[in-house]
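Report on one structure; see the data block that follows.
There are 2 protein chains.
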Amino acid sequence: MPIHIYWEDLTPGSTRELGTTSASAEEIKDFAEQFDPQPFHLDELAGRKSVFGGLCASGWHTCAMAMRLTVDNFLRESASMGSPGLENLRWLKPVYPDDQLSLRHTILEARPMRKRPEAGLVRSRWELFNQNGEKVLEMEGWGMFGRREPATPEELARYEAERAAS
Amino acid sequence: MPIHIYWEDLTPGSTRELGTTSASAEEIKDFAEQFDPQPFHLDELAGRKSVFGGLCASGWHTCAMAMRLTVDNFLRESASMGSPGLENLRWLKPVYPDDQLSLRHTILEARPMRKRPEAGLVRSRWELFNQNGEKVLEMEGWGMFGRREPATPEELARYEAERAAS
């Protein structure tokens with residue numbers, strides 16, 4: 000897949016729909032056996048008896064599914080250089096077997112980088128909705144992307160003046 | 000495993016060492032193929048050419064490995080009722096194949112719950128260190144735990160007065 004999304008293309012306010020995914024009961028249990036062997040992620044009956052009301056995916060499984068959609072439908076076509084982390088991650092609703100999960104990605108903010116003029120930072124929000132329109136996951140965090148053209152000293156000075164003024 | 004850790008036992012300031020784990024190159028690639036198929040998580044050469052300097056684990060794989068240690072060495076013995084989310088997640092250093100990763104868990108804060116007097120919330124910090132003592136992952140977030148004894152109206156009133164005063 001040729002790269003055609005660079006830092007300059009990630010306009011604050013823009014939104015992308017990043018597709019739909021789901022996990023079967025078997026996949027939920029497989030992930031849980033490997034990484035999160037709590038009863039409500041491994042067994043239907045334990046799930047029904049838990050606060051979640053049924054077998055449900057590990058929150059880390061949900062995040063990993065959102066990541067797969069992000070890679071397939073966005074990062075793969077972009078000059079992505081990885082992420083330093085997230086500022087916020089909320090598991091809002093349980094994810095049950097075969098829930099149809101749709102991911103929305105919104106660019107919140109873009110910053111040039113003084114120490115790496117060939118790259119820039121972007122703050123994004125990910126929102127994952129189930130087939131009933133309920134938000135099950137929300138995350139906000141930073142990603143680093145290559146630029147079409149390196150930041151000039153003038154751009155960096157202008158950006159820092161704007162930040163200082165705001 | 001009998002449950003012997005309840006909300007009352009999670010004292011702010013207390014620290015637990017939650018064991019050591021690692022992922023082989025094969026395991027790093029398996030996770031990435033399923034959830035995060037970016038070149039630097041799939042291929043040694045692509046890793047060497049990336050900002051990470053070598054094949055490295057997906058950040059979500061690192062989180063999932065930390066979760067496994069948390070379940071095996073803490074949650075399994077506790078009255079854990081799940082987590083609403085994290086306030087902060089930082090991928091500080093790349094995780095390379097066979098890195099020996101040790102997890103430290105610190106209780107930061109404990110809150111009773113008005114709407115669920117039989118449970119309480121705890122804010123924790125997770126820190127994952129590699130064999131060189133470098134911190135590779137840090138997370139802070141909330142968990143819900145069952146209590147030995149439900150909160151009394153007096154305890155809830157006292158807690159809310161303390162919060163209002165601080």
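Chains E and P supply the protein sequences, listed in that same order.
Just so we're aligned, residue 0 is where the first sequence starts under numbering that gives the first Met the number 0, counting upward by one.
Just so we're aligned, residue 0 is where the second sequence starts under numbering that gives the first Met the number 0, counting upward by one.
Note that the Cβ used here is the ideal one computed from N, Cα and C, for glycine as well.
C-alpha gap between residue i and residue j, whole angstroms
{"i": "E:Met112", "j": "E:Ser13", "result": "21 Å"}
{"i": "P:Phe73", "j": "P:Thr61", "result": "18 Å"}
{"i": "E:Trp90", "j": "P:Gly84", "result": "5 Å"}
{"i": "P:Ala160", "j": "P:Glu137", "result": "32 Å"}
{"i": "P:Ala31", "j": "P:Gly52", "result": "17 Å"}
{"i": "E:Arg103", "j": "E:Arg122", "result": "14 Å"}
{"i": "P:Glu64", "j": "P:Met143", "result": "In the sequence on display, residue 64 of chain P carries Met and not Glu. Each residue's alpha carbon lies about 21 Å from the other."}
{"i": "E:Ser82", "j": "E:Thr105", "result": "16 Å"}
{"i": "P:Glu126", "j": "P:Gly132", "result": "11 Å"}
{"i": "E:Ala156", "j": "E:Ala150", "result": "10 Å"}
{"i": "P:Ser165", "j": "E:Ser57", "result": "36 Å"}
{"i": "E:Asp97", "j": "P:Lys114", "result": "31 Å"}
{"i": "E:Ala24", "j": "E:Pro152", "result": "54 Å"}
{"i": "E:Arg15", "j": "P:Ala22", "result": "33 Å"}
{"i": "P:Arg177", "j": "E:Lys48", "result": "Residue 177 of chain P cannot be examined here, being either before or after the span of chain P that is shown, 0 to 165."}
{"i": "P:Ala45", "j": "P:His3", "result": "47 Å"}
{"i": "P:Glu76", "j": "E:Arg75", "result": "41 Å"}
{"i": "P:Phe128", "j": "E:Phe128", "result": "34 Å"}
7 Å Cβ cutoff, residue i in contact with chain P
{"i": "E:Trp141", "result": "no"}
{"i": "E:Gln99", "result": "no"}
{"i": "E:Gly53", "result": "no"}
{"i": "E:Arg67", "result": "yes"}
{"i": "E:Trp125", "result": "no"}
{"i": "E:Val121", "result": "no"}
{"i": "E:Met80", "result": "yes"}
{"i": "E:Val50", "result": "yes"}
{"i": "E:Val135", "result": "no"}
{"i": "E:Val94", "result": "no"}
Beta-carbon gap between residue i and residue j smaller than 7 Å
{"i": "P:Phe34", "j": "E:Met66", "result": "yes"}
{"i": "P:Ala109", "j": "P:Pro11", "result": "yes"}
{"i": "E:Leu17", "j": "E:Leu100", "result": "no"}
{"i": "E:Glu139", "j": "E:Glu86", "result": "yes"}
{"i": "E:Val50", "j": "P:Met80", "result": "yes"}
{"i": "P:Lys28", "j": "P:Leu9", "result": "no"}
Expected contact under 8 Å - CB spacing of residue i and residue j to nearest Å
{"i": "P:Glu7", "j": "P:Arg124", "result": "Rounded, the Cβ-Cβ distance is 20 Å, inconsistent with contact."}
{"i": "P:Tyr5", "j": "P:Ala78", "result": "5 Å"}
{"i": "E:Pro36", "j": "P:Val70", "result": "6 Å"}
{"i": "P:Leu88", "j": "E:Leu88", "result": "6 Å"}
{"i": "E:Trp59", "j": "P:Trp59", "result": "7 Å"}
Among the options, the one whose alpha carbon lies nearest that of residue i
{"i": "P:Glu43", "options": "P:Val50, P:Cys55 and P:Pro36", "result": "P:Cys55"}
{"i": "P:Val135", "options": "P:Tyr95, P:Ala118 and P:Pro152", "result": "P:Tyr95"}
{"i": "E:Gly119", "options": "E:Glu25, E:Glu154 and E:Met0", "result": "E:Glu154"}
{"i": "P:Phe148", "options": "P:Glu117, P:Arg15 and P:Trp141", "result": "Checking the displayed sequence, the identity of residue 148 of chain P turns out to be Glu instead of Phe. Closest by alpha carbon: P:Glu117."}
{"i": "E:Gln130", "options": "E:Ala45, E:His3 and E:Thr20", "result": "E:Thr20"}
Any C-beta of chain E under 7 Å from that of residue i
{"i": "P:Trp6", "result": "no"}
{"i": "P:Asp35", "result": "yes"}
{"i": "P:Gly84", "result": "yes"}
{"i": "P:Arg89", "result": "yes"}
{"i": "P:Met0", "result": "no"}
{"i": "P:Ala63", "result": "yes"}
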